[in-house]
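What follows is a short report on a single structure.
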Amino acid sequence: MNLMGQTILPVFYHVDPSEVRKKADSGEAFSKHEEAFKDNKQNVQRWRDALTQVSNLSGWHLQDDYESKVIQDIVGKIFTELNQPISSVATDLVGMDSRVKEMLSCLDMGLHKVCVIGILGIGGIGKTTVARVVYERICAQFEACSFLANVRI
């Protein structure tokens, strides 16, 4: 759901989404709010409408799953939605974009097989930087990932 430029990703934490729907529809959850905000009933109605809309969205129903797994799924979804992974590498690197694109095409992420690519060259030409940028661009596509820096053979 996209509301005023904000994306909403509902997480139902130890509560069934249908229960949230019932509460929004029944009004019992808002009786205290209506009393507290009796001078501004339009706000309470907007809150009620928003809760009803969110309760009808598909989201994450966290009940018996491992919380860390669900959190990883949520973070992955956010990275995918934003399409901008948090980068520890400067974005204005000169001459790296073509190398990164070439590396990504070699990986061919559409194929579901193990792929290993060696990066060779003298020190200081940006091998680690290219590897880190590629890693950051594709890591959200995996269940788990880790960047191992300073591995020498």
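Each residue of the sequence shown is one higher than the last, beginning at 1 in UniProt numbering.
Idealized CB from N, CA, C, for every residue including glycine.
Counting the other CB atoms within 10 Å of its CB gives residue 100 a total of 16 or more, which places it among the buried residues. Assignment of residue 6 by DSSP, reduced to helix, strand and coil, places it in the strand class. The residues 37, in chain order, have a CB closer than 7 Å to that of residue 43 in the same chain once the five nearest residues on each side in sequence are set aside.
Residue 140 and residue 79 do touch by the CB rule: their CB atoms are close to 4 Å apart, below 8 Å. Residue pairing for residue 12: DSSP places it in a beta bridge opposite 61. Judged by pairs of C-beta atoms under 8 Å, the segment 43-61 does not touch the segment 116-131, as fewer than three such pairs exist.
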